[in-house]
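Per our numbering: the sequence shown = residues 1 to 278.
Yeah, the Cβ is synthetic: ideal placement off N, Cα and C, and Gly gets one too.
Being a predicted model, the structure only gives us computed values, none of them experimental.
Structure first, commentary second.
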Amino acid sequence: MASGDEIRDAQRATWAGLAAGWEKWDAVIMDQLAPVGAAMIERLDIADDQRHLDIAAGTGEPGLTVAKLAPSGHVVLTDLAAEMLDIATRRAIARGITNFETTVCSADDLPFGDATFDSISVRFGYMFFPDLAKATTEFARVLKPGGRLCSSVWGKPGENPWTTIATQAIAKETAPPDPDRPNIFRCAAPGYVGALYETAGLHDVAEWNVGVELVTRSPAQYWQMISEHVAPVVSALAQVGEPARERIAEAVIAEAGTYEEDGKVRLPGLARCIIGTK
Numbered sequence: 001m002a003s004g005d006e007i008r009d010a011q012r013a014t015w016a017g018l019a020a021g022w023e024k025w026d027a028v029i030m031d032q033l034a035p036v037g038a039a040m041i042e043r044l045d046i047a048d049d050q051r052h053l054d055i056a057a058g059t060g061e062p063g064l065t066v067a068k069l070a071p072s073g074h075v076v077l078t079d080l081a082a083e084m085l086d087i088a089t090r091r092a093i094a095r096g097i098t099n100f101e102t103t104v105c106s107a108d109d110l111p112f113g114d115a116t117f118d119s120i121s122v123r124f125g126y127m128f129f130p131d132l133a134k135a136t137t138e139f140a141r142v143l144k145p146g147g148r149l150c151s152s153v154w155g156k157p158g159e160n161p162w163t164t165i166a167t168q169a170i171a172k173e174t175a176p177p178d179p180d181r182p183n184i185f186r187c188a189a190p191g192y193v194g195a196l197y198e199t200a201g202l203h204d205v206a207e208w209n210v211g212v213e214l215v216t217r218s219p220a221q222y223w224q225m226i227s228e229h230v231a232p233v234v235s236a237l238a239q240v241g242e243p244a245r246e247r248i249a250e251a252v253i254a255e256a257g258t259y260e261e262d263g264k265v266r267l268p269g270l271a272r273c274i275i276g277t278k
């Protein structure tokens, strides 16, 4: 079994390599994930002077939206990959957002003092933390009493065709992934993250589902996008030769075509949001 440091090093390299893909497809990704960010922010009850921490912030959401809602406050965006945070900075500058900073760090070793933040968001980061309990304990430590932690994870594979039509095609051509390593559906079970919250001392824990939709212009565009920015897909494709890649692409494009209507491909997904209070 790989150590936590080995997993983090591999993740850092992976996300650094994916940064260009995330920036290229930014508009499509943000449209897909916007309902989740909005749902999280609504429950966080952002004040004008909020001090907010966005963990695994990637290209900046929902942290940058929180910054816009808290003009007298301050937002810290953290991520393992400096390259992703560089994109977040460019996005912030383009939107005229200045009340933020970025910090490269691991979720389970935060360089902040106790009770520093009014709120914390973790949008689609939990599944990838090597030590989930340690990370959650860190979140609770840096949260002020009465502050809220809100995260989101993906539901079960069957609820997320937007990614599984690609991963299922890949599975026919590659060896099965290491079940002990973090993966996109690791936290899919209802109550899984909520139990981590409660163990870390949070209360009033609640969870709810949010539907999303990935919309592309064509099945071919879906394949191009998914093969350039989704970590498990990109990593798996790097392990196979060109003939296998062509077979995978053909299978994915054919399956994506079954979701085409009115000139668009609309692939559904389901996220689960979890909130708790310190």
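Smallest Cα separation from residue i: which of the options?
i, options, result
"Leu80", "Ala169, His52, Gly211, Ile7", "Ile7"
"Thr174", "Arg43, Thr102, Ile248, Asp9", "Ile248"
"Thr164", "Ala256, His203, Ala107, Arg141", "Ala256"
"Tyr222", "Lys68, Ala19, Gly63, Lys264", "Lys264"
"Glu250", "Asp178, Ala169, Ala57", "Ala169"
"Pro105", "Leu237, Ala166, Asp5", "It should be pointed out that residue 105 corresponds to Cys in this sequence rather than to Pro. Cα-wise, what sits closest to Cys105 is Asp5."
"Thr199", "Ala220, Phe139, Pro219", "Phe139"
"Tyr192", "Leu132, Glu246, Asp262, Val240", "Leu132"
"Val205", "Ser218, Arg217, Pro190, Glu261", "Pro190"
"Ala10", "Gln239, Val240, Glu242, Ser235", "Ser235"
"Glu159", "Ala188, Leu18, Arg12", "Ala188"
"Ala39", "Glu207, Phe112, Lys68, Ala67", "Glu207"
"Ala82", "Lys172, Leu18, Gly241", "Leu18"
Going by DSSP, what residue range makes up the beta strand (DSSP E) through residue i?
i, result
"Trp25", "Premise fails: Trp25 is in no beta strand (DSSP E) and is neither H nor E."
"Val122", "117-123"
Using 8 Å as the threshold, is the C-beta distance between residue i and residue j below it?
i, j, result
"Leu267", "Tyr259", "yes"
"Leu77", "Ala88", "yes"
"Trp22", "Met225", "no"
"Thr277", "Leu196", "no"
"Leu110", "Val75", "no"
"Arg272", "Asn209", "yes"
"Trp15", "Met84", "yes"
"Ala212", "Leu44", "The sequence as given places Val at residue 212; Ala does not occur at that position. For Val212 and Leu44, no; Cβs fall outside 8 Å."
"Asp49", "Pro62", "no"
"Ile275", "Arg186", "no"
"Lys283", "Asp108", "Given a span of 1 to 278 for the chain in the structure shown, any question on residue 283 remains unanswerable."
"Gly125", "Ala56", "yes"
"Ile41", "Thr59", "no"
"Trp162", "Leu214", "yes"
"Ala220", "Ile184", "no"
"Phe129", "Pro182", "yes"
"Arg51", "Gly73", "yes"
"Thr167", "Val28", "no"
Would you kindly report the start and end of the unbroken alpha helix (DSSP H) that includes residue i?
i, result
"Ala175", "That residue, Ala175, is in no alpha helix (DSSP H); it is neither H nor E in DSSP."
"Lys144", "No alpha helix (DSSP H) holds Lys144; the beta strand (DSSP E) holding it covers 143-154."
"Ile226", "219-229"
"Tyr197", "192-199"
"Ala67", "63-69"
For residue i, write down the residues that DSSP places opposite it in a beta bridge.
i, result
"Val212", "Gly269"
"Glu260", "Val265"
"Thr103", "Thr78"
"Arg51", "His74"
"Gly276", "Leu149"
"Glu207", "Ile274"
Check whether the Cβ of residue i lies closer than 8 Å to any Cβ atom in chain D.
i, result
"Glu261", "Reference to chain D is not applicable here, since this structure consists of a single protein chain."
Does the stretch 92-99 come within contact of the stretch 117-125, defined as at least 3 CB pairs closer than 8 Å? no
Between the stretch 228-242 and the stretch 146-153, do at least 3 Cβ pairs fall closer than 8 Å? no
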